[in-house]
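Undergrad:
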Amino acid sequence: MTNWPLTTYLLLALGAAVVAILATWAHFRFWTARLSLALDYDVEDVLPTPDGAHIELRRVPRPAERAEAVEAAGLPPVLLVHGLGANHRNQDLHPDWSLARHLAALGRDVWLVTLRSGRLTGWLERRRARFGAMVKHDVPMAVDAILGRTGKPKLDYVGFSMGGMLLYAALGRTVAAEKVRRVVIIGSPGQVRSPTSLVKLIPRGFVPTVPVRSLAQGFAFASEWARTPLHGAFANPRNMAPGVTRLILMNLVRDIPSTLQADFLSWAAGDGEIRVDGERALDGLAGIGIPVLFFAGSADRVAPERAVRHAFEAWGRDRPETPKRMIVLGRDFGQKEDYGHGDLAVGAHVAAEIFEPVARFLGPEEQPEAAGAEAGAEAVEEVLAREPVQAESAEE
Numbered sequence: 001m002t003n004w005p006l007t008t009y010l011l012l013a014l015g016a017a018v019v020a021i022l023a024t025w026a027h028f029r030f031w032t033a034r035l036s037l038a039l040d041y042d043v044e045d046v047l048p049t050p051d052g053a054h055i056e057l058r059r060v061p062r063p064a065e066r067a068e069a070v071e072a073a074g075l076p077p078v079l080l081v082h083g084l085g086a087n088h089r090n091q092d093l094h095p096d097w098s099l100a101r102h103l104a105a106l107g108r109d110v111w112l113v114t115l116r117s118g119r120l121t122g123w124l125e126r127r128r129a130r131f132g133a134m135v136k137h138d139v140p141m142a143v144d145a146i147l148g149r150t151g152k153p154k155l156d157y158v159g160f161s162m163g164g165m166l167l168y169a170a171l172g173r174t175v176a177a178e179k180v181r182r183v184v185i186i187g188s189p190g191q192v193r194s195p196t197s198l199v200k201l202i203p204r205g206f207v208p209t210v211p212v213r214s215l216a217q218g219f220a221f222a223s224e225w226a227r228t229p230l231h232g233a234f235a236n237p238r239n240m241a242p243g244v245t246r247l248i249l250m251n252l253v254r255d256i257p258s259t260l261q262a263d264f265l266s267w268a269a270g271d272g273e274i275r276v277d278g279e280r281a282l283d284g285l286a287g288i289g290i291p292v293l294f295f296a297g298s299a300d301r302v303a304p305e306r307a308v309r310h311a312f313e314a315w316g317r318d319r320p321e322t323p324k325r326m327i328v329l330g331r332d333f334g335q336k337e338d339y340g341h342g343d344l345a346v347g348a349h350v351a352a353e354i355f356e357p358v359a360r361f362l363g364p365e366e367q368p369e370a371a372g373a374e375a376g377a378e379a380v381e382e383v384l385a386r387e388p389v390q391a392e393s394a395e396e
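Position 163, counted from 1, in the sequence shown is what my numbering calls 163; the numbers after and before it change by one each time, with no gaps.
Next up, the structure:
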């Protein structure tokens, strides 16, 4: 056996480490280039918030001839707001799995916001990524910016998961109800529950920001070769087309800042109610008369149907004439698969089972001015009559 000096072994170990680092870097660069998908936008702006953070606005391209027809019909712009641990790609992942581009292809003026939680470009922005701050600044800023740029008095709002939760807290508080014509809520819980009581023992001030983005991008290449329990926790794998999970992990997933995790943990450790400045967010929905369409996944573990229904019941509670419907998506209700959480945005069958119903609901033919209050009340009664699930098939 060769008796090399210690310095030789150290140099060999250092060389092996350098080779491993370079190989890892090359591997990551290869898969990043292969799985990253850039999409075109007519507008891409970064707007500073009054408290020192930033949001991003993007306008989705649309066919000119259809845009003219939409403008003639007087339809407003549409704002899509993403969920927790995501950016604007939440509802614009790929042209084939994009509610934004589905609506834009019909001529709608579609805008995507990236909230401060989807950017996290520096330490200060991470510290300012609180739920209450996004209710106070991000959502109303996005609404006002879009209305200002389009010259419209109202817009349609589509919230996915946390995007809908933010509207629960903002509507009537930081966003005037008069600025919103119609609302679509997709998988947005009205309560935050934990499967274990141990959540009460987690100190809020010591919750770390987990590098979810880096982990997701590093695992993206193998995500459809090696299944983990997380696959089933965040989506129904049977309801995901090949290649979509990789695109999600590379283009959509973002870190969840510790401050925002602390907000959710505080609700889960208490009674589950969403609170901002000590006030229950859902209490403000009782007097809301804006027409709304709710979607919930029958197999959603992140936002269970009962948690979404909690917000549905609160919406317009004091105004029974409010037009509202709730659709639970699952095989028992006529869909091809039971929906989890992530597949509510990018599932294999979303175009027919979610995008089309959303487009119809946001269209002119179902405006409450034309349908009248009685039709709205009938829609409420039709849903409530189906206790305990309070749902109907998307195909009805």
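In this text, a Cβ means the ideal position worked out from N, Cα and C, and glycines have one as well.
From a predicted model like this one, the values you see are computed outputs, not experimental measurements.
Ends of the alpha helix (DSSP H) at Phe361?
TA: Element bounds for Phe361: Glu356 to Phe361.
Undergrad: By DSSP, does Ala86 sit in helix, in strand, or in coil?
TA: Strand.
Undergrad: Cα-Cα, which of Ile256, Ala69, Trp97 and Leu80 is closest to Gly107?
TA: Answer by Cα proximity: Ala69.
Undergrad: Between which residues of its own chain and Asn251 is the CB-CB distance below 7 Å, once the five residues before and five after are set aside?
TA: Cβ neighbours of Asn251 beyond the five flanking positions: Ser36, Leu37, Arg89 and Leu93.
Undergrad: Could you spell out where the alpha helix (DSSP H) holding Asp45 opens and where it closes?
TA: Per DSSP, Asp45 belongs to no alpha helix (DSSP H); it is in the beta strand (DSSP E), Val43 to Pro48.
Undergrad: Would you kindly report the start and end of the unbroken alpha helix (DSSP H) that includes Ala72?
TA: That run of the alpha helix (DSSP H) goes Ala64 to Ala73.
Undergrad: If contacts are defined as beta-carbon pairs under 8 Å, then Pro76 and Asp156 qualify, I think. What distance do you get, rounded to the angstrom?
TA: Between Asp156 and Pro76 the Cβ distance is about 6 Å, and since that is below 8 Å, they are a contact.
Undergrad: Which first and last residues belong to the beta strand (DSSP E) in which Arg325 is found?
TA: It spans Lys324 to Leu329 - the beta strand (DSSP E) in which Arg325 sits, taken as one unbroken run.
Undergrad: Quick check: what's the CA-CA separation for Ser188 versus Val135?
TA: The alpha-carbon atoms of Ser188 and Val135 are separated by roughly 15 Å.
Undergrad: What is the C-beta distance between Leu120 and Val139, in whole angstroms, given that I count them as a contact (C-beta under 8 Å)?
TA: Incorrect: roughly 18 Å between the Cβ atoms, too far for contact.
Undergrad: Report the residue ranges of all alpha helix (DSSP H) runs contained in full by the region 240 to 280; include only those spanning at least 4 residues, in chain order.
TA: List check, alpha helix (DSSP H) in window: 244 to 251 and 258 to 269.
Undergrad: In angstroms with no decimal places, state the Cα-to-Cα distance between Gly74 and Arg275.
TA: Taking the straight line joining both Cα atoms gives about 36 Å.
Undergrad: Within a Cβ cutoff of 6 Å, which residues of the same chain sit near Ala169, ignoring the five residues on either side of it in sequence?
TA: Val135, Val276 and Ala281, listed in sequence order.
Undergrad: Pick from Glu224, Leu344 and Ala352: whose alpha carbon is nearest that of Pro158?
TA: Before going on, a small fix: residue 158 reads as Val here, not Pro. For Val158, the nearest C-alpha among the options comes from Leu344.
Undergrad: Using DSSP's beta-bridge definition, name the partner residues of Asp156.
TA: Per DSSP, Val78 and Arg182.
Undergrad: If you drop the 5 nearest sequence neighbours on each side, which residues of the same chain put their C-beta closer than 6 Å to that of Arg317?
TA: Same-chain partners within the cutoff: Ala286.
Undergrad: In whole angstroms, give me the CA-to-CA distance for Val292 and Ala16.
TA: Cα to Cα, Val292 sits roughly 59 Å from Ala16.
Undergrad: Start and end of the beta strand (DSSP E) containing Leu57?
TA: His54 to Arg59 is the span of the beta strand (DSSP E), which, as asked, contains Leu57.
Undergrad: With DSSP collapsed to three states, give me the class of Thr114.
TA: In the structure shown, Thr114 sits in a strand (DSSP, three-state: E or B).
Undergrad: Indicate whether Ala104 and Arg62 have their beta-carbon atoms separated by less than 8 Å.
TA: Contact flag set, yes.
Undergrad: Ignore the nearest five residues each way along the sequence and tell me which others in Val184's own chain have a CB closer than 6 Å to its CB.
TA: Val158, Leu293 and Val358.
Undergrad: With a cut-off of 8 Å, do at least 3 Cβ pairs link the region 307 to 323 to the region 208 to 224?
TA: As far as the Cβ criterion goes, the region 307 to 323 does not touch the region 208 to 224, which means the pair count is below three.
Undergrad: Ordered along the chain, which non-local residues of its own chain (more than five positions away) have a Cβ less than 8 Å from that of Leu99?
TA: Here the set comprises Leu80, Gln91, Asp92, Val158, Ala345, Val350, Ile354, Phe355 and Val358.
Undergrad: How many angstroms separate the CA atom of Glu71 from the CA atom of Ala241?
TA: In a straight line, the C-alpha of Glu71 is about 35 Å away from that of Ala241.
Undergrad: Can you name, in chain order, every residue of its own chain whose Cβ lies under 8 Å from the Cβ of Ile256, other than the five neighbours on each side?
TA: Within the same chain, Ile256 has close Cβ partners Leu84, Gly85, Ser117, Thr209, Val210 and Val212.
Undergrad: Measure the alpha-carbon distance for Ile186 versus Gly164 and round it to whole angstroms.
TA: Approximately 7 Å between the Cα atoms of the pair.
Undergrad: Within this structure, are the beta carbons of Gly52 and Leu124 separated by less than 8 Å?
TA: Cβ distance < 8 Å, so Gly52 and Leu124 count as in contact.
Undergrad: Work out the CA separation of Asp96 and Ala391 for me, nearest whole Å.
TA: Only weak support exists for where Ala391 lies, its pLDDT of 42 falling under 50; the value from the coordinates is given anyway. Their backbone Cα atoms lie some 27 Å apart in a straight line.
Undergrad: Give the DSSP bridge partners of Gln191, in chain order.
TA: The partner list for Gln191 (beta bridge, DSSP) reads Glu273.
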